[in-house]
Amino acid sequence: MSTITALYQRIRFNYRSRKRVRLSRSAGGTIGIFLFLLLVCSFMALPLVYSILQSLKPLEEIFAYPPRFFVYNPTLDNFRQVLSLTDNLWVPFSRYLFNSFFVTILGTILYVSLSSMAAYPLAKARFFGSKFVNQLFVWTLLFIAEVTAIPKYLIVAKLGLVDSYFAIVLPYLSSTMGVFLMRQFMVASIPDSTLEAARVDGASEYRIFGQIVLPSVKPAWMTLIIFAFKDLWNAGTSAEYIYSENLKGLNAVMSSISTGGLGRTGAACAVAVLMMIPPIAIFIYSQSSVMETMTHSGLK
Amino acid sequence: MKRPYGLSRKEMKKNIPFYVLLAPFFTLFCVFMLIPVLAAVLLSFTDFNMVQTPNIVGLSNYVRIFIDDEIFMIALKNTLIYAVITGPVGFLISFVVAWLINEMPRAVRTGVTLLMYAPTLAGNVYFVWQYLFSSDSAGFLNNLLIQFGVITDPITWLTDAKYNFGVTLIVIIWLSFGTGFLSFVAGLQALDPSYYEAAALDGLRNRWQELYYVTLPQMGPQLLFGAVMQISSAFAVGYHNKALTGFPSTGYSTHTILLHSLDYADNRYELGYSSAISVVLFLMMILSWVLIQKALKKFTD
């Protein structure tokens, strides 16, 4: 029996190292695909490249007539200006930095954990009301959040959460997007027979969840990390819930820099570029582990 | 009489771990999502204006939307055009690109994925469109067109009702490869490669057959997820219109249902009416969700 398993593993390993069985791929199709991708990518990249170039331009190039796309004398002056502006704030800059990272990281960890926990029963168990809860979770995704802002504020206030980190984190955790995403991946990639086999072997549901379900949907929670980090980072510590200056996040500083008039146009571009760095770093980290999962996990 | 499934003592006991796993999220969901949504729905049947005690007015808010509100009709028309164009275009391009890059080397994949997702990732970079479409002759596009002699006077891209709809359409499409796209990329990575092996042995000849018979049927759940996210963003357009073309836009040319609802909530304090508008939008989204579920049935059963 074990030789068969070993053989199977080996075939599987060989197969994976070859990546994928090649079906015939027509050359014309491949060229067409490349052209299509090139077109889409340049459309997508244009504004981003523009804002990076803009952040490297000295002031006279930003206001040059006729406007130029490329930068002739790249400079880091705009970034220096941002740094010097962050030097004389009421609250030390490091405090804003800490607030942003603390809220974003705590929120992301909680969101991914709670969403995956809730997704497992909804994907794989049948209990009273499970179908209804699934539908309910999809429906609430379709309700525009802006309209619920006032009732939500009243609830946050009633619970005494205003002006604390919880006012940002807890309401975010109630979004059903994460549960829905995790559920769909569990439905797609975990066969019921695997779960049944584990149950017959006497594994508890918690163990099945931790040792079979979670590893099988690694691409899903890596993706969810990107979503949650991006949302919490960009939302920052929203003004309506936080009054104390020492609980505010980077967004508060950055928007006060950006709204400083024409002379700060370059600084505003530098701010935009700087704020992109943490979510992009998380993105690259998670995305490369999404793409690694197939080659590493023997589980399917 | 038969009891509904899951209510017998034995089944309840077996399901305890599931309730435990679901409970923390479900509690937060009820407090911060379900109650506010229900409150908004209830408010839509009242004349709540933030100052006076609300009175129940029945369906009169809804009657007003469809009978008395001409601007709502403009918003409805615009929202439908935005949704019908940006929804399917965003969904299709997201899937096609995710599928095409799936076979490519890792560095290329990560690069393309980053570019496609960057507009969503980077929060408010969309403001660079404002520079590109700036209305004076120093605006990038205007300058280019003047240099090449296409136009002689600068076009006011963002305020001219002839152009600003098209401009916002481009920006919204640019922003629409977000959540759905990444879930497709991850979904394709989670597919079981042994199916492809089997399919190749079964004599599938080209990538299109492979896509149709192997990839799509396995991707059903992720396609549904992408569809929901696409609906929720395609119908809830408005934010970027407001930032780019101002509020209200010239002749309401880029007005949408979302903006209409926010206008009544933030500027006129007619919360009951604002809620009714958003409930109408919600029903439109549910309807399109039902239709899309039907359309994707082939791949999801």
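Heads up: the sequence lines are chains E and A, in that order.
Under this note's numbering, the first residue of the first sequence carries the number 1, and numbering increases by one thereafter.
Under this note's numbering, the first residue of the second sequence carries the number 1, and numbering increases by one thereafter.
Note that beta-carbon positions come from the ideal geometry of N, C-alpha and C, so glycine has one too.
Remember, it's a predicted structure, so these values are computed and weren't measured experimentally.
Q: Can you check DSSP and say which residues form a bridge with A:Thr46?
A: In the second sequence, counting from the first residue as 1, residue 46 of chain A sits at position 46. BP columns for A:Thr46 point to A:Ile56.
Q | Among A:Phe181, A:Leu224 and A:Leu211, the one whose alpha carbon lies nearest that of E:Gln184 | A | The residue labelled residue 184 of chain E in the question sits at position 184 within the first sequence. Each of A:Phe181, A:Leu224 and A:Leu211 was checked against the Cα of E:Gln184, and the nearest Cα belongs to A:Leu224.
Q | the segment 181–189 of chain A in contact with the segment 89–99 of chain A per 3-pair CB rule at 8 angstroms | A | These segments touch.
Q: Taking E:Cys41 as part of the alpha helix (DSSP H), name the residues at either end of that continuous run.
A: As a first step, residue 41 of chain E is located in the first sequence; it is residue number 41 there, counting from the start. Unbroken alpha helix (DSSP H) run through E:Cys41: Ala27 to Ser55.
Q) Any beta-carbon of chain A closer than 9 angstroms to the one on E:Glu146? A) Walking along the first sequence from the start, residue 146 of chain E turns up at place 146. With 9 angstroms as the cut-off, E:Glu146 counts as an interface residue toward chain A.
Q: Output the residue ranges of the alpha helix (DSSP H) runs that lie fully inside the segment 144–195 of chain E and measure 4 residues or longer, sorted by chain position.
A: The qualifying runs are 149–158, 166–173 and 177–189.
**Q.** Closest residue to E:Pro151 among A:Asn241, A:Met229, A:Leu42 and A:Thr256 (Cα-Cα distance)
**A.** Along the first sequence, read from residue 1 onward, the residue named residue 151 of chain E stands at position 151. Comparing alpha-carbon positions, the option among A:Asn241, A:Met229, A:Leu42 and A:Thr256 lying closest to E:Pro151 turns out to be A:Leu42.
Q) Which first and last residues belong to the alpha helix (DSSP H) in which A:Met219 is found? A) Position 219 of the second sequence holds residue 219 of chain A. Note, A:Met219: premise wrong, no alpha helix (DSSP H); not H, not E.
Q: Could you confirm whether any beta carbon from chain A is found closer than 9 angstroms to the beta carbon of E:Tyr72?
A: What you label residue 72 of chain E is simply residue 72 of the first sequence in a count that begins at 1. Not one chain A Cβ lies under 9 angstroms of E:Tyr72.
Q) Taking the C-alpha atoms as reference points, what is the distance between A:Lys77 and A:Ile71? A) One-based indexing of the second sequence puts residue 77 of chain A at position 77. One-based indexing of the second sequence puts residue 71 of chain A at position 71. Going by the C-alpha atoms only, they are around 10 angstroms apart.
Q) In chain A, which residues lie less than 8 angstroms from E:Val179 when you measure between Cβ atoms? A) Within the first sequence, residue 179 of chain E is the residue found at index 179, counting from 1. Simply Phe25.
Q: Could you check what DSSP says for E:Leu142 in three-state terms: helix, strand or coil?
A: If you number the first sequence from 1, residue 142 of chain E lands on position 142. Here E:Leu142 carries a coil assignment [DSSP, helix/strand/coil].
Q. Do the CB positions of A:Trp99 and A:Thr179 come within less than 9 angstroms of each other?
A. If you number the second sequence from 1, residue 99 of chain A lands on position 99. If you number the second sequence from 1, residue 179 of chain A lands on position 179. No, these two residues do not count as a Cβ contact at 9 angstroms.
Q: Measure from the C-beta of E:Glu61 to each C-beta in chain A and report whether the shortest distance is under 9 angstroms.
A: Stepping through the first sequence from its first residue, residue 61 of chain E is reached at position 61. At a cut-off of 9 angstroms between beta-carbon atoms, E:Glu61 makes no contact with chain A.
Q. Can you find a C-beta in chain A that's less than 9 angstroms from the C-beta of E:Arg80?
A. Working through the first sequence from its first residue, we reach residue 80 of chain E at position 80. Not one chain A Cβ lies under 9 angstroms of E:Arg80.
Q.
Does A:Trp157 come out as helix, strand or coil in the three-state DSSP assignment?
A. Counted from its first residue, the second sequence places residue 157 of chain A at position 157. Residue state, collapsed to three classes: coil.
Q: Could you tell me whether the Cβ of E:Tyr50 comes closer than 9 angstroms to any Cβ of chain A?
A: As a working mapping, residue 50 of chain E is identified with position 50 in the first sequence. So, interface residue.
Q. Using 9 angstroms as the limit for Cβ to Cβ distance, is E:Arg20 near chain A?
A. The count along the first sequence starts at 1 and reaches residue 20 of chain E at position 20. At E:Arg20, the pLDDT of 49 sits below 50, so the modelled position is not reliable; the number obtained from the coordinates is stated separately. At least one chain A Cβ lies under 9 angstroms of E:Arg20.
Q) Got a sec, what are the start and stop residues for the alpha helix (DSSP H) A:Pro17 sits in? A) Taking the first residue of the second sequence as position 1, residue 17 of chain A is located at position 17. Where A:Pro17 is concerned, the enclosing alpha helix (DSSP H) stretches over Arg9 to Phe29.
**Q.** Pair within 9 angstroms by beta-carbon distance, A:Thr254 and A:Ile173
**A.** Stepping through the second sequence from its first residue, residue 254 of chain A is reached at position 254. Stepping through the second sequence from its first residue, residue 173 of chain A is reached at position 173. Their beta carbons are not under 9 angstroms apart, which means A:Thr254 does not touch A:Ile173 by this criterion.
Q) In the segment 208–255 of chain E, which residue ranges form an unbroken alpha helix (DSSP H) of at least 4 residues, counting only runs that do not cross its ends? A) If we require 4 residues or more, the alpha helix (DSSP H) runs fully inside the segment 208–255 of chain E come out as 218–235.
**Q.** Whole-number beta carbon distance between E:Trp139 and A:Ile257, since they are thought to touch under 8 angstroms
**A.** The residue labelled residue 257 of chain A in the question sits at position 257 within the second sequence. The residue labelled residue 139 of chain E in the question sits at position 139 within the first sequence. Rounded, the Cβ-Cβ distance is 18 angstroms, inconsistent with contact.
Q) Would you report the Cα separation of A:Asp47 and A:Arg64, rounded to the nearest angstrom? A) One-based indexing of the second sequence puts residue 47 of chain A at position 47. One-based indexing of the second sequence puts residue 64 of chain A at position 64. Rounded to whole angstroms, A:Asp47 to A:Arg64 spans 12 angstroms at the Cα level.
Q) Closest Cβ-Cβ distance between E:Arg183 and chain A: below 9 angstroms? A) Position 183 of the first sequence, counted from the start, is the residue given in the question as residue 183 of chain E. Yes, E:Arg183 counts as interfacial toward chain A.
Q: Using the Cα positions of A:Ser137 and A:Ile146, report the straight-line distance between them to the nearest angstrom.
A: Start at 1 with the first residue of the second sequence, and residue 137 of chain A comes out as number 137. Start at 1 with the first residue of the second sequence, and residue 146 of chain A comes out as number 146. Cα to Cα, A:Ser137 sits roughly 8 angstroms from A:Ile146.
Q.
Does E:Ala125 come out as helix, strand or coil in the three-state DSSP assignment?
A. Here residue 125 of chain E refers to the residue found at position 125 of the first sequence. Of the three classes helix, strand and coil, the one that applies to E:Ala125 here is coil, per DSSP.
Q. A:Ile286 touches chain E at which residues, Cβ-Cβ below 7 angstroms?
A. Residue mapping note: residue 286 of chain A aligns to position 286 of the second sequence, counting from 1. Taking a Cβ-Cβ cut-off of 7 angstroms, the neighbours of A:Ile286 in chain E comprise Trp139 and Leu142, given in sequence order.
(Q) Would E:Ser204 pass as an interface residue toward chain A - the criterion being a Cβ-Cβ separation below 9 angstroms? (A) On the first sequence, position 204 is the one that residue 204 of chain E refers to. Chain A contact via Cβ: present.
Q: Compute the beta-carbon to beta-carbon distance between A:Leu38 and E:Ser174, rounded to the nearest angstrom, for a pair I have assumed lies under 8 angstroms.
A: Taking the second sequence and counting its residues from 1, one reaches residue 38 of chain A at position 38. Taking the first sequence and counting its residues from 1, one reaches residue 174 of chain E at position 174. Not really, about 13 angstroms apart at Cβ, beyond 8 angstroms.
Q.
Is the beta carbon of A:Phe235 closer than 9 angstroms to that of A:Ser288?
A. Within the second sequence, residue 288 of chain A is the residue found at index 288, counting from 1. Within the second sequence, residue 235 of chain A is the residue found at index 235, counting from 1. For A:Ser288 and A:Phe235, yes; Cβs fall inside 9 angstroms.
Q) According to DSSP, is A:His260 helix, strand or coil? A) For the purposes of this step, residue 260 of chain A is taken as residue 260 along the second sequence, with counting starting at 1. DSSP places A:His260 in helix when its eight states are reduced to three.
Q: Could you spell out where the alpha helix (DSSP H) holding A:Gly180 opens and where it closes?
A: Taking the first residue of the second sequence as position 1, residue 180 of chain A is located at position 180. Run containing A:Gly180: Thr179 to Gln189, per the alpha helix (DSSP H) assignment.
Q.
Taking 9 angstroms as the threshold (C-beta atoms), are E:Ile226 and A:Tyr117 in contact?
A. Counted from its first residue, the second sequence places residue 117 of chain A at position 117. Counted from its first residue, the first sequence places residue 226 of chain E at position 226. The answer is yes: Cβ separation under 9 angstroms.
Q. Using CA coordinates, which residue listed in E:Gly32, E:Ala157, E:Phe180 and E:Ser51 is at the minimum distance from A:Tyr131?
A. On the second sequence, residue 131 of chain A is found 131 positions in, with the first residue counted as 1. When the alpha-carbon of A:Tyr131 is set against those of E:Gly32, E:Ala157, E:Phe180 and E:Ser51, the nearest one is in E:Ser51.
Q | 8 angstroms Cβ shell around A:Gly139 - same chain, five flanking residues per side excluded | A | Sequence index remark: in the second sequence, residue 139 of chain A carries index 139 (1-based). Contacts found: Tyr131, Leu132, Phe133, Pro154 and Trp157.
**Q.** Cross-chain neighbours of E:Gln287 in chain A, by beta carbon under 7 angstroms
**A.** Taking the first sequence and counting its residues from 1, the one referred to as residue 287 of chain E is at position 287. Those within 7 angstroms of E:Gln287 in chain A are Thr110 and Thr113.
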